[in-house]
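This report concerns only the one structure given below.
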Ligand SMILES: Cc1cc2nc3c(=O)[nH]c(=O)nc-3n(C[C@H](O)[C@H](O)[C@H](O)COP(=O)(O)OP(=O)(O)OC[C@H]3O[C@@H](n4cnc5c(N)ncnc54)[C@H](O)[C@@H]3O)c2cc1C
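Residue numbers (my numbering): 27 to 351.
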């Protein structure tokens, strides 16, 4: 096994990771990003990003991803494409292993992100960006004045339904139980919003789609486009069609934190417990972006976390090197 030493290692090359890398390398730290797929994280899977400031006509997700990586690399940050397979944060330097290398670093930023939970219904992947979406604040505008469905039950689903009710002609709120599990304040407003219709005790059984050249969602090329969903009533067993142009899936997220489960404090949902200062329960280990406890999971908030994490990492590294100062 090779060994390699850095001041700071960032696990995950999404916006949180590359913002941390940019700030760390510009603070003079020897900086490495370890990324298991391609630079950009979830951004790289997003056709068009319209809500990241500075791009007046929006920007392709892949383009923004590349720019963020290059931005940090131009100042000297390194990227190695490899999956982190284990970590040992019990002492400093911290140890991070990939399949063929053991890395050590004085500080670590975890920016491994969180993936939206899927419905696991046939056609879901094919219809992604063709009617199936996972982020109302990102993609809601693509469905302006069109009918959409929100699938989910918690606060995120309720928040999405509210946001979309301001943009779309109609919002069908499909949830599994008698009433959504969201906070009462959300539900009261939703009940009094005329273009929101509730479908309680309902499970989404399948998507309705057809070949089309028309523009749907963020994808404008020809192919299959969503036309609606079929839902099953879990009490009566009856099925019904809901015709809509968009379906917003809000059934939770899966944080990429398995690796850290025995070393860091995690919430019941698996997020790393860290406040705005991005500090975890282990000194010198920081959590940035979607992977940590936070109210808004977006590119801009992940990037902001990266900057904050690098700043506190810099302070930590200074005191680790100068214990008596
Ligand atoms: C379909 C979709 C559309 C979206 N649209 C928008 C939008 O328009 N605007 C917006 O602001 N936000 C949008 N978001 C949300 C946004 O992309 C995320 O909030 C943001 O990317 C989070 O950044 P992050 O750095 O925390 O994590 P991520 O972007 O998830 O990056 C994490 C990275 O860590 C890597 N990684 C994980 N585990 C390991 C490991 N063990 N070893 C090495 N690498 C690892 C992953 O491969 C990944 O590249 C969208 C999300 C989705 C899913």
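All C-beta atoms, glycine included, are put in the ideal place defined by N, C-alpha and C.
It should be emphasised that the depicted structure is a prediction, and the values quoted were computed from it without experimental measurement.
When we look at the beta-carbon of residue i and count the other beta-carbons within 10 Å, is it buried (16 or more) or exposed?
{"i": "residue 228", "result": "buried"}
{"i": "residue 63", "result": "exposed"}
{"i": "residue 294", "result": "exposed"}
{"i": "residue 277", "result": "buried"}
{"i": "residue 115", "result": "buried"}
{"i": "residue 274", "result": "buried"}
{"i": "residue 317", "result": "buried"}
{"i": "residue 38", "result": "buried"}
Among all the DSSP beta bridges, which residues are the ones paired with residue i?
{"i": "residue 251", "result": "236"}
{"i": "residue 127", "result": "28"}
{"i": "residue 322", "result": "Answer is none; residue 322 lacks a bridge partner."}
Work out the CA separation of residue j and residue i for me, nearest whole Å.
{"i": "residue 5", "j": "residue 43", "result": "The requested residue 5 does not occur in the structure, where the chain is confined to residues 27 to 351."}
{"i": "residue 222", "j": "residue 329", "result": "34 Å"}
{"i": "residue 237", "j": "residue 151", "result": "15 Å"}
{"i": "residue 342", "j": "residue 76", "result": "36 Å"}
{"i": "residue 189", "j": "residue 166", "result": "8 Å"}
{"i": "residue 247", "j": "residue 196", "result": "Residue placement at residue 247 is flagged as unreliable, the pLDDT there being 49, under the threshold of 50; the coordinate-derived value follows with that caveat. Roughly 25 Å between the two C-alpha positions."}
{"i": "residue 265", "j": "residue 198", "result": "15 Å"}
{"i": "residue 31", "j": "residue 171", "result": "54 Å"}
{"i": "residue 351", "j": "residue 129", "result": "27 Å"}
{"i": "residue 60", "j": "residue 94", "result": "15 Å"}
{"i": "residue 28", "j": "residue 334", "result": "31 Å"}
{"i": "residue 174", "j": "residue 74", "result": "19 Å"}
Could you tell me how far apart the beta carbons of residue i and residue j are, in whole angstroms, since I believe they sit closer than 8 Å?
{"i": "residue 46", "j": "residue 332", "result": "4 Å"}
{"i": "residue 91", "j": "residue 133", "result": "About 24 Å; that fails the 8 Å criterion."}
{"i": "residue 110", "j": "residue 124", "result": "6 Å"}
{"i": "residue 307", "j": "residue 299", "result": "7 Å"}
{"i": "residue 310", "j": "residue 336", "result": "With a Cβ gap of about 13 Å, residue 310 and residue 336 do not count as contacting."}
{"i": "residue 40", "j": "residue 67", "result": "2 Å"}
{"i": "residue 35", "j": "residue 131", "result": "4 Å"}
At which residues does the alpha helix (DSSP H) containing residue i begin and terminate?
{"i": "residue 182", "result": "181-191"}
{"i": "residue 60", "result": "Not the alpha helix (DSSP H): residue 60 falls in the beta strand (DSSP E), residues 57-61."}
{"i": "residue 115", "result": "Per DSSP, residue 115 belongs to no alpha helix (DSSP H) and is neither H nor E."}
{"i": "residue 47", "result": "41-52"}
{"i": "residue 215", "result": "210-217"}
{"i": "residue 90", "result": "87-99"}
{"i": "residue 104", "result": "No alpha helix (DSSP H) holds residue 104; the beta strand (DSSP E) holding it covers 104-107."}
On the DSSP letters alone, give me the boundaries of the beta strand (DSSP E) that residue i sits inside.
{"i": "residue 342", "result": "From DSSP, residue 342 is part of no beta strand (DSSP E) but of the alpha helix (DSSP H) over 325-347."}
{"i": "residue 144", "result": "Where residue 144 is concerned, there is no enclosing beta strand (DSSP E), given that its DSSP letter is neither H nor E."}
{"i": "residue 70", "result": "Element bounds for residue 70: n/a, residue is neither H nor E."}
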